[in-house]
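Protein chains in written order, with our numbering: chain A, -13 to 235; chain B, 4 to 250.
In structure tokens:
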């Protein structure tokens, strides 16, 4: 389980997160939704320690992130997999090397064992015969899948996905969503996903948290989100004329 | 002034991170070999090209300015060697490398920053400062002195060729001048400068790349700042080292 407790974060005078408390459950897809600029990515980066938290704390299991030293943080991070918005694959390495990289750094496995694990992870995300390709030779969807393969290579306990299907066509986005859900359930990972895609919410949203202007406005799941009478949430969920008409707004 | 001190403070903090214990030594050793190829071997061509012409121009200028029966001809070889060893090879070649290697380092690390590759390293539990900058520093500290030695040899050859081909200095006189009054300490001085300059180039360019924020425009700015600031540092430290080692 991951817990954010009363987290606040400002950049200069701009308060991006204001007292946000939220729990993310293990073995489930925990979605954080909200408009662009609402503070989703900042919350995620605060939780994984890429941004320093001004107030509050992030808890991984029983470990309090904000009280950790640099070296303690490094150990916790080896249990974290993260899928970045653009994939963040290493340009100088091919697909196989990208997936094997964390294994090379933190395990004593032989090259054969690492290769076997990399091939398993790549097959898990339905990628074959791409081992020797460079990131620049991959499509957007393939990059995301390689990034997922790299993120799960070390059997992480926690998986963070920042806009996993942004810039993808609806079909590929759906494939990526379902892949993350399958992996989450299969390995009992605590998965946190930032998105503003309502298809993802309906498809995989076991637990949904809505952030608006840096504050947590609503929490529920995919079954209750459409029934909510929260005005801000409805403005986000039913953003088009058609959906607003159907909802009767 | 405040901004300058902020940069100095952040630079020192970054260097503390860079020299932390590497996660896995075998990976870092491989990275050092890769960086020796990128930062060192790939620079041999440009160093040789610049050095041969630098030595040739130096010899011709010496011959032109010392065109008097009061000064023996071998002085041209001697003066060319001294200029090359003490100043031209370590300083000028380091300035050239600041442009070639420094811009490469700043833009490579800067691009990794803006495309979140550095964040990805950090999330994996890897210290990105050590992983990205430490192998480059070691590679440059190891290979820059080699480049400077190559430059010294080639520049003197260039001077000898120019003197001989133009007929301004007979070959024997020039070679006698090259060997005259040789002090090993001069080479030591030159190598000390090359090591210090190598550290400045890589660490300053690495610093500007590491703290890049934004997009392509900022990567370009980081690259420019890396080259300009490492060049300024080389010029300042050239004076300091000359004063410390020769005065």
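Every residue, glycine too, gets a C-beta built ideally from N, C-alpha and C.
Looking from the CA of residue 145 of chain A, the closest CA among A:176, A:9, A:89, A:213 belongs to A:176. At a cut-off of 8 Å between beta carbons, residue 63 of chain A contacts chain B. Within the segment 12 to 32 of chain B, 26, 27, 30 place their CB atoms closer than 7 Å to a CB of chain A, listed in sequence order. Residue pairing by DSSP places residue 204 of chain A opposite A:196 in a beta bridge. Cβ atoms of residue 69 of chain A and residue 155 of chain A stay farther apart than 8 Å, at about 18 Å. Per the DSSP secondary-structure output, residue 148 of chain A pairs in a beta bridge with A:180. Its chain contains 93, 244 as the residues whose beta carbon lies nearer than 6 Å to that of residue 196 of chain B, once the 5 sequence neighbours on both sides are disregarded; these appear in chain order.
Taking C-alpha positions only, residue 117 of chain B is separated from residue 198 of chain B by approximately 30 Å.
Between residue 1 of chain A and residue 7 of chain A, the gap from beta carbon to beta carbon reaches 8 Å or more. Counting other Cβ atoms within 10 Å of its Cβ, residue 102 of chain A stays below 16 and is therefore classed as exposed.
Under the Cβ distance rule, residue 40 of chain B does not count among the residues neighbouring chain A, no pair being separated by less than 8 Å.
Beta-bridge partners of residue -6 of chain A (DSSP): A:41.
Excluding the 5 residues flanking it on each side, residue 143 of chain A has same chain C-beta neighbours closer than 7 Å at 65, 175, 176, in chain order. Segment contact: the segment 147 to 162 of chain B against the segment 52 to 59 of chain B, three or more CB-CB distances shorter than 8 Å; contact assigned. Collapsing the DSSP output to three states places residue 68 of chain A in a strand. Inter-segment contact for the segment 221 to 231 of chain B and the segment 204 to 211 of chain B is present: three or more beta-carbon pairs are separated by less than 8 Å. Note on residue 50 of chain A: under 16 other CB atoms within 10 angstroms of its CB, so exposed under the neighbour-count rule.
Taking a 10 Å sphere around the C-beta of residue 71 of chain B, we find fewer than 16 other C-beta atoms and assign the residue as exposed. In the three-state reduction of the DSSP assignment, residue 80 of chain A falls in the coil class, being assigned neither a helical nor a strand state.
Rounded to whole angstroms, the gap between the alpha carbons of residue 216 of chain A and residue 48 of chain A is 33 Å. Cβ atoms of residue 62 of chain B and residue 49 of chain B stay farther apart than 8 Å, at about 21 Å. For residue 165 of chain B, no Cβ of chain A is located within less than 8 Å of the residue's own Cβ.
Shown here, residue 39 of chain B sits in a helix according to DSSP, grouped into three states. Taking residue 202 of chain A as the centre and dropping the five residues before and after it, the same chain places the C-beta of 6, 7, 8, 195, 196 closer than 8 Å to its C-beta, in chain order.
Relative to residue -10 of chain A, the option among A:60, A:11, A:165 whose CA is nearest is A:11. Taking 7 Å as the Cβ-Cβ cut-off, the segment 106 to 127 of chain B approaches chain A at 118, 119, 120, 122, 123, 125, 126, 127, given in chain order. Residue pairing by DSSP puts residue 15 of chain A in a beta bridge opposite A:177. Look at the beta carbons and you see the segment 82 to 100 of chain B not touching the segment 29 to 37 of chain A: under three pairs across the two are nearer than 8 Å. By the Cβ test, the segment 91 to 110 of chain A is not in contact with the segment 33 to 45 of chain B, since fewer than three Cβ pairs between them sit closer than 8 Å.
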